[in-house]
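Asks: This is the structure I want to talk about, given as structure tokens.
Residue numbers (our numbering), protein chains in the order written: chain A, 13 to 161; chain B, 4 to 287.
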């Protein structure tokens, strides 16, 4: 998928992706020549179809997790997977989520919410952060390149 | 047209959707690099005992092959292999991938049975509209991850228990270019013959090698007199083998004692494993 600025005859570059939380998807692209920006807006069905393929519009910013599609989309038992991928320490600290952070997480669509939560949790565990707040989420987003999460 | 089209715009595609799909397939190939044979067990007809045959083959292979045996339960909606092999979750996840639960007999198993609540149907946490558009894509994606993200390690034999019908074999053949082939399971009846014939034709059309036919429920083995009596009319196994010029690998009678679980030892099934893996059978 490419976006072309017809006036400049230049391929537009991916700028950011956004997941508004209503099942739809948005991504913006800008012209490197004239700076014009356009947004690609996908409805629920289109978003779902792309998600079902296990691919990311704009390219992947994070390495694909094991069985990511199944774990984020299958409506299965909560204890199906035992995650041993998190770093082990003698006394692992499980960060708490603040109410504000949980509210923000709730706006992430269900089919990626589990994966997003794990990314922020991994970030906090690796840095010994006891509580995940919106501020921590912003820092993680900047450091990990999680546009739109 | 006053502007360039996709291929005329030669700068790289930042989304690289095609490349992402290609990488998914490459992961399947890489993960199965240590698997000597991947064999699909298929049938055009439901209720012929395909999962029972798969489980019996897996148990026999676990006894006679030293290099390891695995089973992918590709019947996502109605998984039964895990129960037949007495295998339970949870599924462990590490940085290497998802580790398959192992049966008491040493068979590595991956199935939606480990992931779904008891008795719950296969369901996806997704937007409820237009499910018909994306449900099949998700199911194929799940099968792909069962192959690419499970730590199968090195195996002499990986069996894939397919749901009834021919479409999933087509998906499997595209996901696994090195697929060894497929075994067709039938019961003796004319109805099964017609149904399995269609799926075998579809397999051949897709370029999948047909390794043979197994006729299940070939009569009823009487517990009292040890004689085998007819259960269904027809001779579908031999007829299909003849029509497709493939071996009739085994005829398995119905035994009431083994209806709930595969038999501990079955000469016919042991013979199938020896025929499929002639160079690796090490235990008599």
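Using N, Cα and C, we set each Cβ at its ideal position, and we do this for glycine too.
If we ignore side chains and look at the alpha-carbon of each, how far apart do residue 168/B and residue 198/B end up?
Replies: Their Cα atoms are separated by approximately 9 angstroms.
Asks: What residues in the region 136-152 of chain B bring their beta carbon closer than 7 angstroms to a beta carbon of chain A?
Replies: Against chain A - using a Cβ distance shorter than 7 angstroms - the residues of the region 136-152 of chain B are 136, 137, 140, 141, 144, 145, 148 and 152.
Asks: Buried or exposed for residue 49/B, going by 16 or more other Cβ atoms inside 10 Å?
Replies: Classification for residue 49/B: exposed.
Asks: Thinking C-alpha only, which one of 73/B, 78/B and 77/B is nearest residue 106/B?
Replies: Checked all of 73/B, 78/B and 77/B; the closest Cα to residue 106/B is 73/B.
Asks: Which of helix, strand or coil does DSSP assign to residue 109/A?
Replies: Residue state, collapsed to three classes: strand.
Asks: Exposed or buried, which one is residue 8/B when buried takes at least 16 other CB atoms within 10 Å?
Replies: When all chains shown are included, residue 8/B counts as exposed.
Asks: What separation, rounded to the nearest whole angstrom, lies between the Cα atoms of residue 28/A and residue 66/A?
Replies: Using only the alpha carbons, I get a separation of about 19 angstroms.
Asks: Over what stretch of residues does the alpha helix (DSSP H) that includes residue 30/B continue unbroken?
Replies: Its alpha helix (DSSP H) spans residues 20-34.
Asks: So, does the region 146-153 of chain B touch the region 186-197 of chain B, judging by three or more C-beta pairs under 8 angstroms?
Replies: Taking 8 angstroms as the limit for Cβ pairs, the verdict is that the region 186-197 of chain B does not touch the region 146-153 of chain B.
Asks: Helix, strand or coil for residue 127/B per DSSP?
Replies: Residue state, collapsed to three classes: strand.
Asks: Between residue 37/A and chain B, is there a C-beta pair that is closer than 7 angstroms?
Replies: Taking Cβ atoms only, chain B never reaches closer than 7 angstroms to residue 37/A, which makes this a no.
Asks: Just the Cα atoms here: how many angstroms apart are residue 52/B and residue 61/B?
Replies: Distance between the alpha carbons of residue 52/B and residue 61/B is about 14 angstroms.
Asks: Under 8 angstroms between beta-carbons, which chain A residues line up against residue 100/B? List them in chain order, please.
Replies: Under the 8 angstroms cutoff, chain A gives 78 and 79.
Asks: Give the DSSP bridge partners of residue 232/B, in chain order.
Replies: According to DSSP, residue 232/B bridges with 223/B.
Asks: What are the boundary residues of the alpha helix (DSSP H) that residue 196/B is part of?
Replies: Counting along the chain, the alpha helix (DSSP H) containing residue 196/B begins and ends at 193-208.
Asks: Just to confirm, is the Cβ distance from residue 29/B to residue 163/B under 7 angstroms?
Replies: Contact flag unset, no.
Asks: In the structure shown, what three-state DSSP assignment does residue 6/B receive?
Replies: Residue 6/B falls in the coil class under three-state DSSP.
Asks: What's the call for residue 91/B, buried or exposed, on a 16-neighbour Cβ count within 10 Å?
Replies: Residue 91/B should be labelled exposed.
Asks: Would you mind telling me which residues of chain B sit closer than 9 angstroms to residue 52/A, beta carbon to beta carbon, in chain order?
Replies: Within 9 angstroms Cβ-Cβ: nothing; residue 52/A doesn't reach chain B, min ~10 angstroms.
Asks: Hey, quick one: how far does the beta strand (DSSP E) through residue 164/B stretch, first residue to last?
Replies: Run containing residue 164/B: 160-164, per the beta strand (DSSP E) assignment.
Asks: Can you name the residues of chain B whose CB is closer than 8 angstroms to the CB of residue 113/A?
Replies: Under the 8 angstroms cutoff, chain B gives no residues; its nearest Cβ is about 21 angstroms from residue 113/A.
Asks: Report yes if the C-beta distance between residue 12/B and residue 14/A is below 7 angstroms; otherwise report no.
Replies: Cβ atoms of residue 12/B and residue 14/A: closer than 7 angstroms.
Asks: Name, going along the chain, the residues of the region 19-48 of chain B whose beta-carbon falls closer than 7 angstroms to a beta-carbon of chain A.
Replies: Going along the region 19-48 of chain B in chain order, one finds 19, 20, 23, 24 and 27 with a Cβ nearer than 7 angstroms to chain A.
Asks: If we ignore side chains and look at the alpha-carbon of each, how far apart do residue 110/B and residue 71/B end up?
Replies: About 7 angstroms.
Asks: Below 9 angstroms on C-beta distance, what does residue 96/B contact in chain A?
Replies: By Cβ distance, chain A contributes 77, 78, 79, 83, 93, 94, 95, 96 and 97.
Asks: In chain A, which residues lie with their C-beta within 7 angstroms of the C-beta of residue 76/B?
Replies: Under the 7 angstroms cutoff, chain A gives no residues; its nearest Cβ is about 13 angstroms from residue 76/B.
Asks: Can you tell me where the beta strand (DSSP E) with residue 190/B in it begins and where it stops?
Replies: From DSSP, residue 190/B is part of no beta strand (DSSP E); its letter is neither H nor E.
Asks: Which bits of chain A does residue 270/B rub up against, with CB to CB less than 7 angstroms?
Replies: Going along chain A, no residue has its Cβ under 7 angstroms from residue 270/B, so there is no contact; the nearest lies around 38 angstroms.
Asks: State the CB to CB distance for the pair residue 216/B and residue 69/B, rounded to an integer number of angstroms; the pair is presumed to be in contact (CB under 8 angstroms).
Replies: That pair is no contact at about 28 angstroms.
Asks: For residue 64/A versus residue 53/A, is the C-beta distance shorter than 7 angstroms?
Replies: Going by C-beta atoms, residue 64/A is not nearer than 7 angstroms to residue 53/A.
Asks: Do the CB positions of residue 127/B and residue 36/A come within less than 7 angstroms of each other?
Replies: No.
Asks: Using 7 angstroms as the limit for Cβ to Cβ distance, is residue 14/A near chain B?
Replies: By this cut-off, residue 14/A is an interface position.
Asks: So what does residue 49/A bridge to, in DSSP terms?
Replies: Residue 49/A is bridged to 42/A.
Asks: Using the beta-carbon of each residue, which ones in chain A are nearer than 7 angstroms to residue 12/B?
Replies: In chain order: 14, 16 and 23.
Asks: Between 96/B, 67/B and 115/B, which has its C-alpha nearest residue 89/A's C-alpha?
Replies: The candidate whose alpha carbon is nearest that of residue 89/A is 115/B.
Asks: Under the DSSP definition of a beta bridge, which residues are partnered with residue 280/B?
Replies: Its beta-bridge partners do not exist; DSSP assigns none.
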